[in-house]
Amino acid sequence: MKLYEMTLKEASEKIKKQEITALELTQSILDRIKEVEPKVDSYITITEEEALNRAKEIDEKIKAGEEVSVLAGIPMAVKDNICTDGVKTTCASKMLENFVPPYDATVVKKLNAAGAIMVGKTNMDEFAMGSSTENSYLKKTKNPWDLNKVPGGSSGGSAAAVAAGQAFYALGSDTGGSVKQPAALTGLVGLRPTYGRISRYGLIAFGSSLDQVGIFTKDVTDCAIVLRELAGKDKMDGTSAEVEVADYEKHLDKDMSNIKIGIPKEYFVEGIDADVKKAVLDGVEKLKELGATVKEVSLPHTDSAIATYYVLAPSEASSNLARFDGIRYGYRAEGYDSLEGLYTKTRTEGFGDEVKRRIMIGTYALSAGYYDAYYKKALKVRTLIKKDFVDAFEDVDVIIAPTAPNVAFNIGEKTSDPMAMYMEDACTIPSCLAGVPGMSIPCGFKDGLPIGMQIIGNYFDEATMLKVAHAFESVTEFKDQRAKL
Amino acid sequence: MGDKILIGLEIHAELLTNTKIFCGCKNEFGADVNTNCCPVCLGLPGSLPVLNERVLDFAITAGLSFNCKIARNTKMDRKNYFYPDLTKAYQISQYDIPLCYDGYIEVEAEDGSAKKIGIERIHIEEDTGKSLHDATGDTLLDYNRGGVPLIEIVSRPDMNSPKEAYQFLEKLKEVLLFTNISDVKMEQGSLRCDVNVNVIKEDGRKSNIVELKNLNSFKAALKAMEYEVIRHNELLAKGENTVRETRRWDDSQNKTISMRSKESVQDYRYFPEPDVVDINLTEEYVNDIKNKLPELPDDKRKRFMKEYSLPEYDAKVLTTSKEISNYFEEMISKFSDAKMISNWIMTELLRRVNDEGITLDDVKFDKDAFVYLLKVISEGKINNNAGKKVFREMFETGKKPENIIKEKGLIQIQDEGAIKEIVVGILNDNLQSVEDYKNGKDRALGFLVGQVMKASKGKANPQMVNKLIIDIMKNM
Ligand SMILES: [Zn+2]
Chain A
1 MKLYEMTLKE ASEKIKKQEI TALELTQSIL DRIKEVEPKV DSYITITEEE
51 ALNRAKEIDE KIKAGEEVSV LAGIPMAVKD NICTDGVKTT CASKMLENFV
101 PPYDATVVKK LNAAGAIMVG KTNMDEFAMG SSTENSYLKK TKNPWDLNKV
151 PGGSSGGSAA AVAAGQAFYA LGSDTGGSVK QPAALTGLVG LRPTYGRISR
201 YGLIAFGSSL DQVGIFTKDV TDCAIVLREL AGKDKMDGTS AEVEVADYEK
251 HLDKDMSNIK IGIPKEYFVE GIDADVKKAV LDGVEKLKEL GATVKEVSLP
301 HTDSAIATYY VLAPSEASSN LARFDGIRYG YRAEGYDSLE GLYTKTRTEG
351 FGDEVKRRIM IGTYALSAGY YDAYYKKALK VRTLIKKDFV DAFEDVDVII
401 APTAPNVAFN IGEKTSDPMA MYMEDACTIP SCLAGVPGMS IPCGFKDGLP
451 IGMQIIGNYF DEATMLKVAH AFESVTEFKD QRAKL
Chain B
1 MGDKILIGLE IHAELLTNTK IFCGCKNEFG ADVNTNCCPV CLGLPGSLPV
51 LNERVLDFAI TAGLSFNCKI ARNTKMDRKN YFYPDLTKAY QISQYDIPLC
101 YDGYIEVEAE DGSAKKIGIE RIHIEEDTGK SLHDATGDTL LDYNRGGVPL
151 IEIVSRPDMN SPKEAYQFLE KLKEVLLFTN ISDVKMEQGS LRCDVNVNVI
201 KEDGRKSNIV ELKNLNSFKA ALKAMEYEVI RHNELLAKGE NTVRETRRWD
251 DSQNKTISMR SKESVQDYRY FPEPDVVDIN LTEEYVNDIK NKLPELPDDK
301 RKRFMKEYSL PEYDAKVLTT SKEISNYFEE MISKFSDAKM ISNWIMTELL
351 RRVNDEGITL DDVKFDKDAF VYLLKVISEG KINNNAGKKV FREMFETGKK
401 PENIIKEKGL IQIQDEGAIK EIVVGILNDN LQSVEDYKNG KDRALGFLVG
451 QVMKASKGKA NPQMVNKLII DIMKNM
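Protein chains in written order, with UniProt numbering: chain A, 1 to 485; chain B, 1 to 476.
Shown next, in the form of structure tokens:
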């Protein structure tokens with residue numbers, strides 16, 4: 001086995017036992033990046049020098065007998081909308097092509113403190129808007145399982161990096177499914193925590209009331225490990241929650257006898273590929289065999305979720321992206337003759353089509369005379385969607401559904417049809433609107449492409465969600481499949 | 001009913017918290033440009049605001065002081081617009097649920113009766129940065145002020161004369177000072193005031209509301225309102241009307257000048273701020289602030305008049321600031337003649353403090369020294385004029401009054417025998433004046449008193465001198 005093929009946990013154990021050094025591990029990842037990056041295009045920025053220097057530091061600490069975190073010396077990647085002090089953070093936009101933040105996001109700070117080694121910043125849909133990573137201004141990332149397919153989006157770069165062995169784990173961000181959907185399309189474990197579980201400080205905002213930092217790993221154990229390191233109240237983020245963080249790894253076992261699984265009938269309807277449906281339901285059977293009880297639940301407002309999301313998220317985005325005006329940082333157009341001209345030209349030239357589309361939708365939905373009809377109504381529907389989940393979780397511990405309606409699609413297939421692209425997140429959006437945690441784990445293949453099973457948990461109950469995922473994983477072999485490059 | 005003037009005010013006051021509203025940056029005036037800035041108040045991508053709880057305390061204190069109701073469940077909203085000094089291209093403010101609402105400030109109406117001017121709302125928001133225009137026409141931006149906490153106080157259009165509006169502002173300023181909410185320095189921009197004015201004629205014809213901005217002092221506000229009322233009346237008299245617009249006061253020309261028409265209404269696309277959690281206040285929290293409210297100027301004034309039998313004028317002067325009223329009350333705890341203290345504070349102390357441009361804290365002598373001085377004057381040990389001399393020196397040097405009196409030999413001669421000796425001598429030297437006095441020339445008495453005082457180097461007790469001269473002359 002090549003070093004880069006290990007899981008985070010395996011690598012960590014080898015480092016702690018001093019069987020390998022962080023430097024060797026980092027070098028193997030950097031070599032792997034050199035080898036496959038021309039094919040996959042996962043990264044926007046590679047921080048080779050910093051990574052090697054940090055690896056040396058970690059090795060010295062370990063040699064000196066210092067106690068280090070499980071993440072110490074392990075190479076990882078960060079989505080390029082998460083601020084890194086002194087390292088370009090572009091949001092894959094012309095607008096921020098040369099933006100270097102003067103500060104670290106809280107998650108990055110935590111990882112640095114734990115001795116993690118960032119090897120680079122990953123590609124994404126511009127400002128996290130998209131479901132295929134084709135909206136990047138800088139490059140198109142390919143799905144490591146089939147280079148003609150998309151890796152999903154908007155965290156496609158992070159997903160592809162882990163799937164291609166270019167990092168042991170990666171941070172993404174999830175607004176309406178941008179971690180779960182690419183995880184499904186690239187055969188990874190992808191987790192979006194409860195809204196408020198992980199600090200958003202330093203995550204460049206798209207839809208503030210929906211955005212969450214998410215995690216890509218090769219298996220559930222790794223996911224539990226990273227979540228524990230990242231979760232917790234942050235005084236820099238008023239919306240982060242003061243809720244105890246469990247040692248998730250310790251909760252992972254196969255005993256499903258106390259677990260009640262809900263199957264939402266609204267998620268197994270038209271539009272979901274038959275093979276995807278079958279793989280997910282087969283997965284549920286596996287859990288049943290482990291002792292879980294299964295019942296049908298109803299989330300009646302599911303069909304309003306996409307419409308609600310595409311009012312709320314663009315509304316917030318239109319406001320969040322207003323600061324990119326060419327005045328203080330980022331791109332500034334040349335040849336303007338007034339302040340108004342500076343704004344207009346800068347934003348016209350700096351933003352891509354999808355970003356502009358959403359800014360316009362959001363501006364419209366918030367404007368006087370339309371606010372009640374769109375934004376306010378969407379807020380009301382969101383409350384109903386939330387209630388659906390609260391009600392469902394009265395009866396069940398987790399809800400299981402497909403993550404994406406189909407496996408990875410061809411590059412270019414949906415770029416001219418925004419609505420088709422929006423449908424990609426149909427299964428992930430409702431739980432994001434509700435703010436409950438969700439994850440995707442691989443549960444099958446179709447034509448050699450991974451299928452994702454979505455496990456949705458109750459508020460702040462990531463532990464149960466991970467436990468179910470782990471039980472499934474331990475009796476199946478999907479996690480051991482690797483993309484061949 | 002005659003013509004009616006309608007005036008409404010919108011006041012922005014910067015709060016005197018130590019740090020800004022959403023970050024830990026210092027809230028201070030006058031720092032070097034762009035030195036009190038961090039990613040949060042610069043609105044850098046990825047940064048998030050966290051509400052400073054002190055801002056709530058301050059705003060609720062203001063609300064309670066102005067008799068407002070306090071919303072228990074409220075939120076912050078975003079007000080979206082583009083402007084270079086606005087870092088996020090939105091201002092975090094409050095829209096449909098202000099923190100404080102339905103209050104009033106009491107002023108004296110034109111007829112002398114007490115009148116309540118309604119306060120529609122007080123809400124919290126962040127201040128913007130500042131644009132500076134240099135000589136070459138370039139615009140430079142200073143974001144130190146960005147994120148400084150503000151309250152916006154919106155009155156109802158209940159003021160029917162510029163004078164009432166002026167009083168409203170004065171009262172508002174007093175309370176903000178008393179409660180330490182704001183330093184209300186208009187010239188530094190920590191208090192900013194916009195005025196809406198219009199006039200309704202007896203026959204029902206109305207002028208359009210005009211907004212006055214950029215008023216940099218209460219005096220300017222008063223002049224601008226007076227100017228506008230006249231302008232509205234003149235236009236209406238000619239059968240014309242005012243334009244619905246924003247005007248500014250030009251101090252050098254003593255008139256208002258049009259800034260911009262109000263026709264294009266900006267759509268701020270308000271919506272609930274998703275980055276700041278909703279504000280839910282417990283009864284306990286609000287009551288705690290209520291219990292900590294200081295005695296407000298109006299109450300203090302009434303108490304001073306009642307408790308110390310002071311005239312209204314004195315009570316008003318002594319309650320113009322917390323420092324002055326505290327000074328007075330500390331003095332009175334050591335010396336019981338309230339009127340004497342009041343006179344000395346008003347005429348000597350405050351005049352000198354204002355002349356020097358210092359605060360009461362900077363005064364060089366302590367209150368015990370001041371009390372000592374008032375005591376020796378009231379006991380007749382030195383006379384009033386000598387007292388003023390002593391005060392002047394105390395103020396300038398901080399020396400103890402007893403030392404000054406000793407050095408200058410100012411203790412009055414109370415010994416009747418000694419004074420009599422001087423009087424007799426002076427009278428004998430000035431027989432013509434004695435004659436004049438007897439012939440009814442009162443002025444002569446003054447001259448003789450003056451001579452005696454001069455001979456005693458100002459130390460003779462003047463009452464005694466007076467009495468002795470008259471007594472002795474009778475027998476001459
Ligand atoms: Zn700051």
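Ideal placement from N, C-alpha and C gives every residue a C-beta, glycine not left out.
Could you work out which residue in D395/A, P182/A and Y201/A is closest to G232/A when comparing CA atoms only? Sequence index remark: in the first sequence, residue 232/A carries index 232 (1-based). Comparing Cα positions, the closest option is Y201/A.
Just the Cα atoms here: how many angstroms apart are A483/A and A116/A? Within the first sequence, the letter at position 483 stands for residue 483/A. Within the first sequence, the letter at position 116 stands for residue 116/A. Near 25 Å, if we compare the C-alpha coordinates of A116/A and A483/A.
For C83/A, verify whether its CB is less than 6 Å away from any heavy atom of ligand 1. Taking the first residue of the first sequence as 1, we reach residue 83/A at position 83. Not under cutoff, so the answer is no.
Given this structure, state the Cα-to-Cα distance separating K235/A from K88/B, to the nearest angstrom. Position 235 of the first sequence, counted from the first residue, corresponds to residue 235/A. Position 88 of the second sequence, counted from the first residue, corresponds to residue 88/B. Cα to Cα, the separation comes out at about 21 Å.
Against A164/A, what residues of chain B qualify as contacts under a CB-to-CB distance less than 7 Å, listed in chain order? Counted from its first residue, the first sequence places residue 164/A at position 164. Ordered by position in chain B, no residue passes the 7 Å Cβ test against A164/A, which lies about 27 Å from the chain.
Using only the heavy atoms of ligand 1, determine whether one of them is closer than 6 Å to the beta carbon of V40/B. Taking the first residue of the second sequence as 1, we reach residue 40/B at position 40. For ligand 1, at least one heavy atom lies less than 6 Å from the Cβ of V40/B.
Report the rounded CA-to-CA distance for V284/A versus I400/A, giving the unit in angstroms. Position 284 of the first sequence, counted from the first residue, corresponds to residue 284/A. Position 400 of the first sequence, counted from the first residue, corresponds to residue 400/A. Straight-line Cα distance between these residues: approximately 8 Å.
Decide yes or no for the touch test of the segment 427-442 of chain B against the segment 409-417 of chain B: beta carbon pairs closer than 8 Å, at least 3 of them. Verdict: no, contact absent.
Ligand 1 and C25/B: does the residue's C-beta get closer than 6 Å to at least one heavy atom of that ligand? As a working note, residue 25/B is residue 25 in the second sequence. C25/B Cβ: within cutoff of ligand 1.
On the CB-based measure, 16 or more other CB atoms within 10 Å of its CB, does Q481/A come out buried or exposed? Within the first sequence, the letter at position 481 stands for residue 481/A. By the 10 Å Cβ count, Q481/A comes out exposed.
Give every residue of the same chain whose Cβ lies closer than 7 Å to the Cβ of D388/A, excluding the five residues on either side of it in the sequence, and list them in chain order. One-based indexing of the first sequence puts residue 388/A at position 388. Answer for D388/A: L299, P300 and H301, listed in chain order.
Take V294/A and list the residues in its own chain whose beta-carbon comes closer than 7 Å to its own, dropping the five residues that flank it on each side. Position 294 of the first sequence, counted from the first residue, corresponds to residue 294/A. Once the five neighbours on either side are set aside, the close Cβ partners of V294/A are I261, I263, V284 and K288.
Among all the DSSP beta bridges, which residues are the ones paired with D142/B? Position 142 of the second sequence holds residue 142/B. The partner list for D142/B (beta bridge, DSSP) reads K130/B.
How is the alpha helix (DSSP H) around F168/B delimited, first residue to last? In the second sequence, residue 168/B corresponds to position 168, counting from 1. Unbroken alpha helix (DSSP H) run through F168/B: P162 to F178.
Enumerate in chain order the residues of its own chain whose CB-to-CB distance from E164/B is below 6 Å, with the five nearest sequence positions on each side excluded. Sequence index remark: in the second sequence, residue 164/B carries index 164 (1-based). Excluding sequence neighbours, E164/B sits near V107.
Given that Y90/B touches chain A, what residues does it touch there, using C-beta distances under 7 Å? In the second sequence, counting from the first residue as 1, residue 90/B sits at position 90. Residues of chain A passing the Cβ test: S319 and A322.
I believe P144/A touches V269/A by the beta-carbon criterion, under 8 Å. Please report the beta-carbon distance rounded to the nearest angstrom. What you label residue 144/A is simply residue 144 of the first sequence in a count that begins at 1. What you label residue 269/A is simply residue 269 of the first sequence in a count that begins at 1. Actually they are not in contact, since the Cβ atoms of P144/A and V269/A sit about 31 Å apart, beyond 8 Å.
Short Cβ contact (7 Å threshold) for E477/A with G130/A: As a first step, residue 477/A is located in the first sequence; it is residue number 477 there, counting from the start. As a first step, residue 130/A is located in the first sequence; it is residue number 130 there, counting from the start. Result no, Cβ atoms of E477/A and G130/A do not sit closer than 7 Å.
Identify each residue in the segment 216-243 of chain A for which the Cβ-Cβ distance to at least one residue of chain B is less than 8 Å, and report them in chain order. K235, M236, D237, G238 and T239
Measuring straight from C-alpha to C-alpha, what distance separates F206/A and N98/A? Along the first sequence, read from residue 1 onward, the residue named residue 206/A stands at position 206. Along the first sequence, read from residue 1 onward, the residue named residue 98/A stands at position 98. Distance between the alpha carbons of F206/A and N98/A: 19 Å.
Return the chain-ordered list of same chain residues with a C-beta closer than 7 Å to the C-beta of K265/A, the five sequence neighbours on each side being excluded. By one-based count along the first sequence, residue 265/A stands at place 265. Here the set comprises E296 and S298.
How would you list, in chain order, the residues of chain B whose beta-carbon sits under 9 Å from the beta-carbon of P193/A? In the first sequence, the residue the question calls residue 193/A occupies position 193. Simply none; closest approach about 17 Å.
Check the C-beta distance from I422/B over to V452/B and give it rounded, since I have them as a contact under 8 Å. What you label residue 422/B is simply residue 422 of the second sequence in a count that begins at 1. What you label residue 452/B is simply residue 452 of the second sequence in a count that begins at 1. Indeed, because the Cβ distance is near 6 Å, the residues count as touching under 8 Å.
Could you tell me whether any Cβ in chain A is nearer than 7 Å to the Cβ of V353/B? Here residue 353/B is taken as the residue at index 353 of the second sequence, counted from 1. By this cut-off, V353/B is not an interface position.
Once the 5 residues before and after Y81/B are set aside, which same chain residues still bring their CB inside 8 Å of it? Here residue 81/B refers to the residue found at position 81 when the second sequence is read from its first residue. Hits under 8 Å: A89, Y90, Q91, Q266 and Y268.
Looking only at its own chain, which residues have a Cβ that is under 8 Å from the Cβ of E5/A, when we skip the five neighbours before and after it? Counted from its first residue, the first sequence places residue 5/A at position 5. Cβ neighbours of E5/A beyond the five flanking positions: G165 and R482.
List the whole-angstrom C-beta distance separating K346/B from F370/B, where the pair is believed to meet the contact cut-off of C-beta under 8 Å. Within the second sequence, the letter at position 346 stands for residue 346/B. Within the second sequence, the letter at position 370 stands for residue 370/B. What sits at residue 346/B in the sequence shown is Met, not Lys. The beta-carbon distance between M346/B and F370/B, rounded to whole angstroms, is 13 Å. This is too long to meet the 8 Å contact definition.
Would you say I204/A reaches chain B, if we count a Cβ-Cβ gap shorter than 7 Å as a contact? The residue labelled residue 204/A in the question sits at position 204 within the first sequence. Yes, because at least one Cβ of chain B sits closer than 7 Å to the Cβ of I204/A.
Please list, in chain order, all residues of the same chain as residue 478/B whose beta carbon is under 8 Å from its beta carbon, the five residues on each side excluded. Residue 478/B is absent from the model: chain B starts at 1 and stops at 476.
Determine, for L366/A, whether the minimum Cβ-Cβ distance to residues of chain B falls below 7 Å. Here residue 366/A corresponds to residue number 366 of the first sequence, with the count starting at 1. Yes, because at least one Cβ of chain B sits closer than 7 Å to the Cβ of L366/A.
What are the uninterrupted segments assigned as alpha helix (DSSP H) that are 4 or more residues long and contained completely in the segment 31-105 of chain A, given in chain order? With a minimum length of 4 residues, the continuous alpha helix (DSSP H) runs that stay inside the segment 31-105 of chain A are 48-63.
Cutting at 6 Å between CB atoms, please list the residues of its own chain near R197/A, excluding the five before and the five after it. Translated into positions along the first sequence, residue 197/A becomes position 197. Once the five neighbours on either side are set aside, the close Cβ partners of R197/A are A231.
Chain B contact residues for E477/A, given Cβ-Cβ distances below 8 Å: Here the question's residue 477/A lines up with position 477 in the first sequence. Here the premise fails: no neighbours, minimum Cβ distance about 39 Å.
Between P311/B and chain A, is the shortest Cβ-Cβ distance under 7 Å, so that the two count as touching? Sequence index remark: in the second sequence, residue 311/B carries index 311 (1-based). P311/B does not count as touching chain A.
By a C-beta neighbour count over all protein chains shown, 10 Å radius and 16 as the cutoff for buried, is Q167/B buried or exposed? Within the second sequence, the letter at position 167 stands for residue 167/B. Q167/B is buried by the Cβ-count criterion.
Within 10 angstroms of its Cβ, does D134/B collect 16 or more other Cβ (buried), or is it exposed? Counted from its first residue, the second sequence places residue 134/B at position 134. It counts as exposed.
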